[in-house]
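Accompanying notes for the structure given below.
In the working numbering, the protein residues as written are 2 to 81.
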C-alpha cells in the first residue's frame with residue numbers, strides 16, 4: 002500500500018495554527034482510522050487524512066499505533 006502513495010506536505014489546517022504539530026498528527030491518524038472503518042480504504046476523502054498523517058507523524062509513532070490497533074488496544078472509542 003505504501004508504494005502507491007505519493008507523499009506530499011500536508012496542507013494548512015486552521016484547527017492547528019501552532020508550530021507543534023503533535024495534536025495534528027494524532028488527529029489525522031485518528032480521523033483516518035475512523036474514516037476507513039466507516040467508508041473503507043478506497044473512499045477518497047480518507048486519503049487526505051492518510052496523506053496528512055504520513056507527512057506529519059514520525060514513523061515510530063505510526064508503527065506503534067498500528068501495532069496497538071492489531072492488538073486491539075488502540076485508545077479509540079468504537080462509537081466516537
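The C-beta atom is built at its ideal place from N, Cα and C for all residues, glycine as well.
For residue 43, no alpha helix (DSSP H) encloses it, and the DSSP letter there is neither H nor E. At the C-beta level, residue 17 and residue 7 stay beyond 9 Å of one another. Per the coordinates, the alpha-carbon of residue 73 lies some 14 Å from the alpha-carbon of residue 64. A check of alpha carbon separations from residue 12 across 51, 37 and 5 identifies 51 as the nearest.
The criterion of a C-beta distance shorter than 9 Å is satisfied by residue 26 and residue 54. Counting along the chain, the unbroken alpha helix (DSSP H) around residue 68 starts and ends at 60–72. A Cβ-Cβ contact shorter than 9 Å links residue 69 with residue 76.
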